[in-house]
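So the sequence shown is numbered by the numbering used here: it starts at 33 and just counts up by one.
By construction, the Cβ of each residue, glycine as well, lies at the ideal position given by its N, Cα and C atoms.
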Amino acid sequence: MIRLKSQSMPSPTCPQLLQKIITAQFSQQQEFNYPTIQCQLEEILSVMMDELREACDRVEYLKAPGLDEIPNIALKTAIKTVPALFLEVYDTCLREGTFPR
Numbered sequence: 033m034i035r036l037k038s039q040s041m042p043s044p045t046c047p048q049l050l051q052k053i054i055t056a057q058f059s060q061q062q063e064f065n066y067p068t069i070q071c072q073l074e075e076i077l078s079v080m081m082d083e084l085r086e087a088c089d090r091v092e093y094l095k096a097p098g099l100d101e102i103p104n105i106a107l108k109t110a111i112k113t114v115p116a117l118f119l120e121v122y123d124t125c126l127r128e129g130t131f132p133r
């Protein structure tokens with residue numbers, strides 16, 4: 033069986049071609065309009081430390097970042113370093129019914 037040798041390709045230098053490649057590889061996410069839903073509960077329960085730890089443990093290191101583009105390893109490290117900050121943010125989001133984009 034004959035093996036074909038790969039030939040090195042010169043790097044593209046044409047600005048239009050480079051822009052086309054970059055646009056195809058790193059496309060922008062469309063803006064998503066989150067619906068606002070009013071909660072009928074009289075009291076919104078706080079997120080508990082155990083819930084935060086369990087959610088953090090379920091996040092996989094090697095998964096691609098989500099729409100926020102934050103690598104999972106950075107998110108897990110931040111949550112383990114300052115969990116109280118994340119609890120406060122999550123509680124505020126639930127209480128006010130607003131979520132960061």
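Excluding sequence positions up to five away, which residues of its chain have a Cβ less than 8 Å from the Cβ of residue i?
i: Lys108; result: Cys88, Val91, Tyr93
i: Phe118; result: Leu84, Ala110, Ile111
Could you tell me the distance, in whole angstroms, from the CA atom of residue i to the CA atom of residue j?
i: Asn65; j: Ala106; result: 26 Å
i: Ser38; j: Thr45; result: 21 Å
i: Met81; j: Pro67; result: 28 Å
i: Arg35; j: Met41; result: 18 Å
i: Val79; j: Gln60; result: 32 Å
i: Glu74; j: Gln51; result: 53 Å
i: Gly129; j: Leu49; result: 45 Å
i: Val121; j: Thr113; result: 15 Å
i: Glu63; j: Ser43; result: 33 Å
i: Glu86; j: Pro47; result: 48 Å
Ignore the nearest five residues each way along the sequence and tell me which others in residue i's own chain have a CB closer than 6 Å to its CB.
i: Leu126; result: Ile76
i: Asn104; result: Val91, Tyr93, Lys95
For residue i, count the other beta carbons within 10 Å of its own beta carbon; 16 or more makes it buried, fewer makes it exposed. Which is it?
i: Phe131; result: exposed
Between residue i and the rest of its own chain, which residues show a CB-CB distance below 7 Å, the 5 nearest in sequence each way excluded?
i: Pro115; result: Met81, Leu84
i: Asp123; result: Ser78, Val79
Practice item. Pair every Cβ in the stretch 51–60 with every Cβ in the stretch 81–100, then say whether three or more of these pairs are closer than 8 Å. Key: Taking a cut-off of 8 Å on C-beta distances, the stretch 51–60 does not touch the stretch 81–100, as fewer than three cross pairs fall below it.
Exercise for review: Enumerate, from N- to C-terminal direction, the unbroken beta strand (DSSP E) stretches of 3 or more residues contained entirely within the stretch 70–97.
Suggested key: Segments of the beta strand (DSSP E) lying fully in the stretch 70–97: there are none.
Practice item. Quick one: which unbroken alpha helix (DSSP H) runs of 4-plus residues sit fully inside the stretch 36–64? Chain order, please. Key: Counting only runs of 4 or more, we get 47–57.
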